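Add 8 to a position in the sequence shown, counting from 1, and you land on the number used in this note's numbering.
To start, the structure under review is shown below, and the notes come after it.
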Amino acid sequence: MNIVEAVNPSTFAKSRKTAAEAEHIRATMEQDGAALAEFFAWFEDALGRERITELTIDEQLTAARARRPGFVTLSFGTIAGFNANGAMPHYRATEASHSVIEGNGLLLIDSGGQYVSGTTDITRVVPVGEITPEHRRDFTTVLKGTIALSRARFPRGIRSPMLDSIARAPIWEAGADYGHGTGHGVGYFLNVHEGPQVISHYAPAEPWTAMEEGMITSIEPGIYRPGKWGIRIENLVLNQSAGKTEFGDFLSFETLTLCPIDTRCIDVSLLREDERAWLNAYHETVRRRVSPHVEGTAKAWLLKRTEAI
């Protein structure tokens, strides 16, 4: 009998989504984006008129997803953290300890759904009341990290932890950092955290972490100021072919997640023209693909939040 110590071959098979699976996931993202549009439309209308807590956020967002076709359950427990609570990356509100959403500051929401046609995971940060130039500086710095990695082109087979510094570079330049990985693999109606790929300098760059076409990974840099606020912007991306050169095969990312990034939190003066172009193109895509699935106040919210900057 031979004993083989290695990564289970099924791990690699699950990580490389087929073209059919990718199409199902794109459709799932449209439905998830529609649920988020309905939720945020409700939130902005109710803020200041109703008592909203971090627990209310979970209830309303879960209900919005549950109304979407193919929804089965959450992909993980919703993380809603207001101000200082958002500075704890894995914070969880409880009946015994949670915050009311009132006053001024930033609200971080990390959530996701399991649909029969795919798994979603998204983080967005939105303003509550008045926010400061420091809030906008940190938000824009994190956004620059998200954009930098989202636009990256890299050799097929590169070990995924080596991509981590692309997202961190704008954040390091600002003299900040974050204590978690930049990205994790995501299953197809399976685990929301599923390898073998992982974009994190904390992980060893082993051969089995190689990036291959069809993999879905999160991109989620952040900045957390203990006792003050936390910011994380997370999208899921799909590895796709980016052509061949004399140096080999290259891959790039297709952004799958379809939800506006709140431009009220951006200091536009900190963005380069190409970064503004990426954000405007992303928002045009979100508007085009999600708007057929919403109506009324949700559609009005979507159109407003996807306006070009």
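Using N, Cα and C, we set each Cβ at its ideal position, and we do this for glycine too.
Keep in mind the model is a prediction, meaning the values are calculated, not measured.
Alpha carbons only, please: which of the options is nearest the one belonging to residue i?
| i | options | result |
| --- | --- | --- |
| Val134 | Pro268, Thr61, Ala35 and Ala308 | Pro268 |
| Thr86 | Asp172, Arg313 and Tyr99 | Tyr99 |
| Phe47 | Arg57, Ala35 and Asp66 | Asp66 |
| Thr128 | Met170, Gly56, Ala156 and Ala42 | Ala42 |
| Arg336 | Arg164, Arg167 and Leu157 | Residue coverage of the chain in this structure runs from 9 to 317, which leaves residue 336 outside it and unanswerable. |
| Tyr232 | Gly195, Ala45, Pro17 and Met96 | Met96 |
| Pro101 | Gly304, Gly89 and Arg145 | Going by the sequence as given, residue 101 is Ala instead of Pro. Nearest of Gly304, Gly89 and Arg145 to Ala101, Cα basis: Gly89. |
| Thr263 | Gly251, Gly183, Trp286 and Ala213 | Trp286 |
| Tyr290 | Phe255, Val15, Val245 and Lys252 | Val245 |
| Pro234 | Asp146, Asn93 and Arg280 | Asn93 |
| Leu360 | Ile130, Ile11, Thr253 and Ser18 | Outside the modelled stretch of the chain, which goes from 9 to 317, sits residue 360, for which no answer is possible. |
| Ile109 | Glu13, Glu58, Ala27 and Leu198 | Glu58 |
| Ser18 | Leu198, Arg280, Trp237 and Pro300 | Leu198 |
| Gly304 | Ala45, Arg280, Ala211 and Arg272 | Ala45 |
| Leu63 | Thr217, Leu116, Ala184 and Pro300 | Leu116 |
| Ala182 | Glu29, Glu254, Phe147 and Met219 | Phe147 |
| Asn16 | Ala28, Thr253, Ala49 and Thr217 | Thr217 |
| Ala21 | Gln205, Gly78, Arg280 and Ala184 | Gln205 |
| Glu29 | Val194, Met219 and Ala49 | Val194 |
| His301 | Val12, Ala71, Pro77 and Ala27 | Pro77 |
| Thr140 | Arg272, Glu254 and His188 | Arg272 |
Please check the pair residue i and residue j, which I expect to be a contact at CB under 8 Å, by giving their CB distance rounded to whole angstroms.
| i | j | result |
| --- | --- | --- |
| Ala221 | Ser249 | Note on residue identity: the sequence assigns Glu, not Ala, to residue 221. Rounded, the Cβ-Cβ distance is 6 Å, consistent with contact. |
| Asn288 | Ile241 | At roughly 16 Å, the Cβ-Cβ gap does not stay under 8 Å, so Asn288 and Ile241 are not in contact. |
| Ser125 | Ala35 | 6 Å |
| Ile239 | Leu114 | 7 Å |
| Gly165 | Ser23 | Not quite, the Cβ-Cβ distance comes to about 13 Å (not below 8 Å), so this is no contact. |
| Ala104 | Met170 | About 42 Å; that fails the 8 Å criterion. |
| Gly256 | Pro163 | 6 Å |
So, using beta-carbon positions, are residue i and residue j closer together than 8 Å?
| i | j | result |
| --- | --- | --- |
| His192 | His201 | yes |
| Asn112 | Glu138 | yes |
| Thr154 | Ile179 | no |
| His32 | Thr61 | no |
| Lys25 | Tyr196 | yes |
| Asn243 | Ile227 | yes |
| Met37 | Leu266 | yes |
| Ser168 | Ile207 | yes |
| Thr314 | Arg295 | yes |
| Glu292 | Lys152 | no |
| Asp40 | Arg73 | yes |
| Arg161 | Phe258 | yes |
| Arg132 | Asp270 | yes |
| Thr190 | Pro229 | yes |
| Asn91 | Trp237 | yes |
Looking at the structure shown, is residue i part of a helix, part of a strand, or coil, going by DSSP?
| i | result |
| --- | --- |
| Phe255 | coil |
| Gln39 | helix |
| Arg161 | strand |
| Gly230 | strand |
| Ala88 | strand |
| Arg167 | strand |
| Gln68 | helix |
| His201 | coil |
| Asn243 | strand |
| Val294 | helix |
| Val194 | coil |
| Thr148 | helix |
| Ala213 | coil |
| Pro77 | coil |
| Ala285 | helix |
Would you say residue i faces chain C, with C-beta separation under 8 Å as the test?
| i | result |
| --- | --- |
| Gly187 | The structure shown contains no chain C; it holds only a single protein chain. |
Could you tell me whether any non-hydrogen atom of the ligand FAD is closer than 7 Å to the CB of residue i?
| i | result |
| --- | --- |
| Phe162 | The ligand FAD is not among the ligands present in this structure, which contains no ligands whatsoever. |
For this session: Determine, using beta-carbon pairs with one atom in the region 299-315 and one in the region 49-60, whether at least three such pairs fall under 8 Å.
Result: yes
For this session: Determine contact between the region 113-121 and the region 73-85, defined as no fewer than three beta-carbon pairs at a distance below 8 Å.
Result: yes
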